[in-house]
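With positions in the sequence shown counted from 1, the corresponding number in this note's numbering is that position plus 56.
Here a beta-carbon is modelled for each residue, glycine too, at the ideal position from N, C-alpha and C.
Notes for the one structure printed next.
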Amino acid sequence: MAKHFNIADMYEMVADKVPARDALVCGGRRATYAALEQRANQLAHYLASQGVGAGDHVGLYLYNCNEYLEAMLACFKLRAVPINVNYRYVEEELLYIFTNADLVACIHHQEFTPHIAAIKSGSPAVATFVHVADDSGCEAALIASAEYESALAGQSPLRDFADRSDDDLFILYTGGTTGMPKGVMWPHRGVFFAAMGGGGWFHPDGAISAPEQIAERVGDFPIIGMALAPLMHGACWWYACIQLLAGNTVVLNPAHSLVGEEIWDIVAREKVNAITIVGDAMAVPLLDALEGNPGRWDLSSVFSVGSGGAVFSTSKQDAFRQHFPNVFITNSFGSSESGNMGMDGGGKKGQGLGNVSKNEFMSVISDVEGEPHHHVAPGEMGIFARSGYIPVGYYNDPVKTAKTIVSVDGKNWLLLGDEARLEEDNSITVFGRGSNCINTGGEKVFPEEVEQALKANP
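The structure is reproduced here in structure tokens:
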């Protein structure tokens with residue numbers, strides 16, 4: 057059977073290469089690549105027995121846990137589509153996701169049973185429920201939800217599934233910062249290269265050119281990587297995929313909140329090498345814990361601290377450097393729609409969020425109502441845009457898709473929503489969301505710039 061740039065295909069090749077290696081650590085639970093593979097196969101067979109198949113959407117309404125990644129892989133194996141469901145949603149938002157995403161099944165923590173029961177009549181298409189047991193005491197029978205381990209019991213551990221495709225969908229629902237959450241539809245090949253580095257994050261030769269090369273890239277000494285965000289957010293979900301497809305070990309935060317001391321306990325115990333956070337909101341409690349407990353932890357294993365998805369101020373980066381003088385610090389720019397844009401924060405002369413070089417895949421495009429889109433000239437403002445590997449659109453939202461993916465000179469470009477300026481040196485300065493900017497005396501001030509300035513002067 058031919059292999060594809062499909063996350064399930066590539067994970068299977070990696071699992072065959074290093075079956076005994078730890079793939080996942082969450083709290084007191086560990087799973088090898090072989091165990092994760094076997095349990096994902098069993099869940100896939102159970103879902104198939106309930107009528108879930110290619111193209112069907114399965115909600116993942118879970119805290120961080122091993123089952124989250126098992127369920128993700130199980131869906132991909134069936135060519136089904138896992139849908140991230142924010143566990144902080146109130147019932148109105150939950151109903152919106154269940155119906156807008158056209159879910160046919162939902163895998164959830166037992167604790168969330170009452171929320172599902174409250175909206176079940178409004179989402180009759182969701183016919184299959186599977187719950188991960190917890191100590192909440194909630195009655196799963198309210199929604200006829202099968203217990204997760206019981207669902208797996210007796211199912212085949214074999215990977216006897218149909219051939220898959222590069223174009224199978226990976227749908228990521230946004231956080232809804234500019235309205236209701238939107239389902240960003242990525243083909244597997246596109247999200248693998250745009251958001252996951254194409255297998256090149258940990259290799260000097262960069263991205264792979266054939267799916268089979270993913271197993272060849274697996275090293276003898278795995279990186280231990282910890283993502284602090286919930287898996288329901290793209291930053292953590294994608295990071296977990298990056299690590300798994302490199303044969304590394306993913307460490308998750310098992311708590312439902314972030315406590316700095318607890319995170320450093322895990323980092324020290326698991327000898328974590330690379331930490332990924334989401335901006336200052338996570339940096340502050342981590343730094344506070346370090347400053348309040350000098351010498352408490354042996355953190356000599358850490359060689360990388362990265363951030364994405366929110367402002368990671370220069371002052372906080374400098375604070376990390378004081379504690380980890382030899383650590384490589386990165387500040388990535390990206391979104392659910394763009395993947396990783398690979399930009400370090402801090403624009404020129406203190407302006408904007410940061411800079412990238414204009415190239416065949418990144419540009420600044422005009423977005424004036426009633427006028428054709430075009431690439432702006434140096435010194436002009438427009439919308440930051442990306443081409444190449446981009447989403448195919450927003451699920452169930454053709455109007456938003458048409459406004460966001462535009463054709464310029466016969467090539468499709470994704471308008472990312474951030475205002476930007478093309479500089480005379482052909483670099484691009486990115487400022488932020490124009491819809492949120494402040495007009496002061498005719499000058500535009502972006503909230504992100506205010507935030508950066510305040511954090512630079514505590």
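According to DSSP, residues forming a beta bridge with I461: L470
Can you give the Cα-Cα distance for D112 and R135, rounded to whole angstroms? 8 Å
Rounded to the nearest angstrom, what separates A87 and T305 at their Cα positions? 10 Å
Can you give me the C-alpha to C-alpha distance between I163 and S391, rounded to a whole angstrom? 25 Å
Straight-line Cα distance separating Q94 from L478: 50 Å
Please list, in chain order, all residues of the same chain as S483 whose beta carbon is under 8 Å from its beta carbon, the five residues on each side excluded. K404, N411, V412, S413, K414
Assigned exposure category for V361 - 16 Cβ within 10 Å defines buried: buried
Euclidean distance between Cα positions of M241 and L228: 7 Å
My parser needs the beta strand (DSSP E) runs of 3 or more residues fully inside the segment 180-260; what are they? 184-188, 225-229, 239-243
Drop a sphere of 10 angstroms on the beta-carbon of H312, count the other beta-carbons inside from all chains shown, and report buried for 16 or more, exposed for fewer. exposed
Kindly indicate the opening and closing residues of the alpha helix (DSSP H) around D321. 316-326
Express the C-alpha separation of H187 and A196 in angstroms, rounding to a whole number. 7 Å
Pull up the DSSP beta-bridge partners for P138, would you. V114
Restricting to runs no shorter than 3 residues, where is the beta strand (DSSP E) found entirely within the segment 71-128? 78-82, 85-88, 113-117
Could you check whether S419 and H430 sit closer than 7 Å to each other, using their CB atoms as the reference points? no
If we call anything under 7 Å between Cβ atoms a contact, is I333 one with L300? no
When DSSP labels each residue in this structure, what does N156 get in the three-state scheme? helix
Could you tell me the alpha carbon to alpha carbon distance between A76 and Y89, rounded to whole angstroms? 6 Å
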